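**Student:**
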Amino acid sequence: MANVERRRPGRPAGSSDTRERILKSARELFARNGIHKTSIRAVAAAAGVDSALVHHYFGTKERLFAAAVRIPIDPMEIIGPLREVPVDDLGYQLPATLLPLWDSELGAGVIATIRSVLPAPR
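Residue 14 in UniProt numbering is what sits at position 14 of the sequence shown, and the numbering runs on without skipping anything.
1. Could you give the first and the last residue of the continuous alpha helix (DSSP H) run that contains T97?
2. Enumerate in chain order the residues of its own chain whose CB-to-CB distance from K61 is below 6 Å, with the five nearest sequence positions on each side excluded.
3. Is the distance from the Cβ of S25 to the Cβ of A52 below 8 Å?
4. Pull up the distance between the alpha-carbon of Q93 and that of V85, whole angstroms please.
5. Can you give, in chain order, each stretch of the alpha helix (DSSP H) that sits fully within the UniProt domain "HTH tetR-type" (16-76) and has at least 4 residues?
6. Measure the Cβ-Cβ separation of F30 and F58 and say whether it is below 8 Å.
7. Helix, strand or coil for P86? Go by DSSP, reduced to three states.
8. For H56 and R19, what's the separation of their Cα atoms in angstroms?
9. Ignore the nearest five residues each way along the sequence and tell me which others in R27's own chain have a CB closer than 8 Å to its CB.
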């Protein structure tokens, strides 16, 4: 009789950074393509995992999107100081505050969120 390894119940095998790799890939794809043009299969392929694992961690594309664009800090830490800026200076200060975030880990989530609320190009 052949030795057949049975899968143990519970969490699928994978390295401890798998969830973060999935989220990073999702952020990048959602930012580039928007939520409607990004599939779970594409996210899985970019992260180097099976799409079933993405479903295991997040369930639906909407939950994956919510997790991918979640901001890990209080937004008021970033934009709160802008309340003290005179209105005439906001045109300069707002981009000066937000543009450095664009190339950060937060930037992809911000871009993905903006793309998700804009109408799809025709």
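Each residue gets a CB set at the ideal place from its N, CA and C atoms; glycine is no exception. All values reported here derive from a predicted model rather than from experimental measurement.
**Tutor:** With the structure as the only source:
1. From DSSP, the alpha helix (DSSP H) with T97 extends over L90 to W102.
2. Closer than 6 Å at Cβ, skipping near neighbours: I40.
3. Going by beta carbons, S25 and A52 fall outside the 8 Å limit.
4. If you take the alpha carbons of Q93 and V85, they lie about 8 Å apart.
5. Secondary structure in the UniProt domain "HTH tetR-type" (16-76): the alpha helix (DSSP H) runs of 4 residues or longer, each lying completely within the stretch, are 18-33, 40-47, 51-58 and 61-69 in chain order.
6. Taking 8 Å as the Cβ cut-off, F30 and F58 do not qualify as a contacting pair.
7. When secondary structure is reduced to three states using DSSP, P86 falls in the coil class, being assigned neither helix nor strand.
8. Cα to Cα, the separation comes out at about 10 Å.
9. Here the set comprises A68, V69, E105, A108, G109 and A112.
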